[in-house]
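What follows is a short report on a single structure.
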Amino acid sequence: MANTSGLTRLYPMVQINKGTWEIDEFDAASIYLLEGEEKAMLIDTGMGIGDLRGAVEMITDKPLVVVHSHGHIDHTGNSRQFEEVWTHPADQWMPVPEALERRRFDTEHIAQRQKGSLGAPFNLFNLYPYDIDVDLRPMDDLPMPVVHDLYDGQQFDLGGRIVTVYECPGHTAGEVVFLDETKRMLFAGDALNYNLLLGAVPLEDTLKAMKRIRGMSDRYDGIWNGHHDFRALGAPLDDDCLENVIALLEEAVKGNITYCEVPSFWGQPMPLRRRGGEDGGDPFAAMGKTYLRKGRNFVQIHSRYFGKKEDK
Ligand SMILES: [Fe+2]
């Protein structure tokens, strides 16, 4: 195992109920730990700040099943701390971890977004007990974990606690959610969020998947997503989140699009009109997205899955 001395294990975390924790990777991402009688499950591994494995082992010594809600860099970063991980095949092409500089950039900006402190100096990070130059490390020298496939309907028996995997493509093609019927909790990764990025698959497929999640609502009491912006740490999303996304998608697949200004990836309003990244503008805007809003929900959709051409 890699030498992790000197790395922080002091993640903010909340115990949601007996055997379930939300670990906050310093506002970069939310990681969930589910403990059964025989095994524990770790849902996502964050951006890769600090000693996540060490933090988990302070809570449980049960054998770990490490699963990814999807392949984005803020959910797979510390995966090389583990020998085996489970990822949907459609997301296995993404690097684990992503390049250090990209993770550093994202770490700084996501933390700013979640603190609502855009424009604040980067000494914001003094709030947290980590040193970005030490705790966010390359890890390229560590072996890759063995990667197993996640698939729809797959079940993990943690001992008195069964977790079922359901595909929910849209944010990425390999996005999945995890249903824990024992504790009546649904863990959604980035499948659902008040500031939701979609467009990895046709919208009709995402709408169908969202409706299936809604159809399971008699089996869970709350949905916990992969970031705790827009909600308190440990608290589930409010009930309007899924309903608003379904309503937005229903309109979008009919072609009823109303462009709106939404918070960007980094918490700033995005321009209504697309602009290129080459002029120093938002590099994500160059990807060509459409922005929609309903209530508190903002949805950004990659334009390739709209019938209409993106404005230029
Ligand atoms: Fe994501």
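Residue numbering for the sequence shown follows the numbering used here, beginning at 1 and increasing consecutively. Ideal Cβ placement from N, Cα and C applies to all residues, glycine included.
DSSP bridge partner residues for residue i (one or two, in chain order)
| i | result |
| --- | --- |
| Gln300 | Leu197, Tyr291 |
| Gln154 | Per DSSP, none; premise fails for Gln154. |
| Leu237 | In the DSSP output, where bridge partners are listed per residue, Leu237 has none listed. |
| Ile162 | Asp157 |
| Glu35 | Ala40 |
| Glu22 | Val14, Tyr32 |
| Leu338 | Nothing about residue 338 can be reported from this structure: the residues present for the chain run from 1 to 312 only. |
| Gln148 | In the sequence under discussion, the amino acid at residue 148 is His, which differs from the Gln named in the question. Its beta-bridge partners are Trp86. |
Where residue i falls, given that 16 or more other Cβ within 10 Å makes a residue buried
| i | result |
| --- | --- |
| Tyr128 | buried |
| Asp279 | Here Asp279 scores only 41 on pLDDT, less than 50, and its place in the model is too uncertain to base an answer on. |
| Pro63 | exposed |
| Tyr151 | exposed |
| Trp93 | exposed |
| Arg137 | buried |
| Leu196 | buried |
| Ser79 | buried |
| Met270 | Legend: pLDDT at Met270 = 47, less than 50; position of this residue unreliable, value from coordinates given subsequently. So Met270 ends up on the buried side. |
| Gln300 | buried |
| Met210 | buried |
| Arg161 | buried |
| Asn17 | exposed |
| Arg184 | exposed |
| Gln81 | buried |
| Glu101 | exposed |
| Ala55 | buried |
| Glu167 | buried |
| Val146 | exposed |
| Glu221 | The sequence as given places Asp at residue 221; Glu does not occur at that position. Asp221 should be labelled exposed. |
| Val134 | exposed |
CB contact below 7 Å: residue i versus chain C
| i | result |
| --- | --- |
| Ala252 | Checking the listed chains, one finds no chain C in this structure; it contains a single protein chain. |
* To do: Kindly provide the ranges of any alpha helix (DSSP H) runs that are 4 or more residues long and lie completely inside the region 165–235, ordered along the chain.
  => Here the runs fully enclosed are 203–215.
* Below 8 Å, can you find three or more Cβ-Cβ pairs linking the region 188–207 to the region 65–73? -> Using a C-beta cut-off of 8 Å, the region 188–207 makes contact with the region 65–73, since at least three inter-stretch Cβ pairs fall below that distance.
* Could you name the residues, in chain order, whose CB is less than 5 Å away from a heavy atom belonging to ligand 1? -> Taken from the N-terminal end onward, the list reads His72, Asp190.
* Segment contact, 8 Å Cβ cut-off, at least three pairs: the region 48–66 with the region 14–30 -> As far as the Cβ criterion goes, the region 48–66 touches the region 14–30, which means the pair count is three or higher.
* Can you list the alpha helix (DSSP H) stretches of 4 or more residues lying completely in the region 46–75, in chain order? -> Listed in chain order, the complete alpha helix (DSSP H) runs (minimum 4 residues) inside the region 46–75 are 52–59.
* Determine, using beta-carbon pairs with one atom in the region 200–211 and one in the region 143–163, whether at least three such pairs fall under 8 Å. => Taking a contact to require three or more Cβ pairs closer than 8 Å, the region 200–211 and the region 143–163 do not qualify as touching.
* Asked: Are the region 2–9 and the region 32–40 in contact at 8 Å, needing three or more beta carbon pairs?
  -> Taking a cut-off of 8 Å for Cβ pairs, the region 2–9 and the region 32–40 do not touch, as fewer than three such pairs fall below it.
* Residue ranges of each beta strand (DSSP E) within the region 74–99, 3 or longer -> Fully enclosed beta strand (DSSP E) runs of 3 or longer: 84–87.
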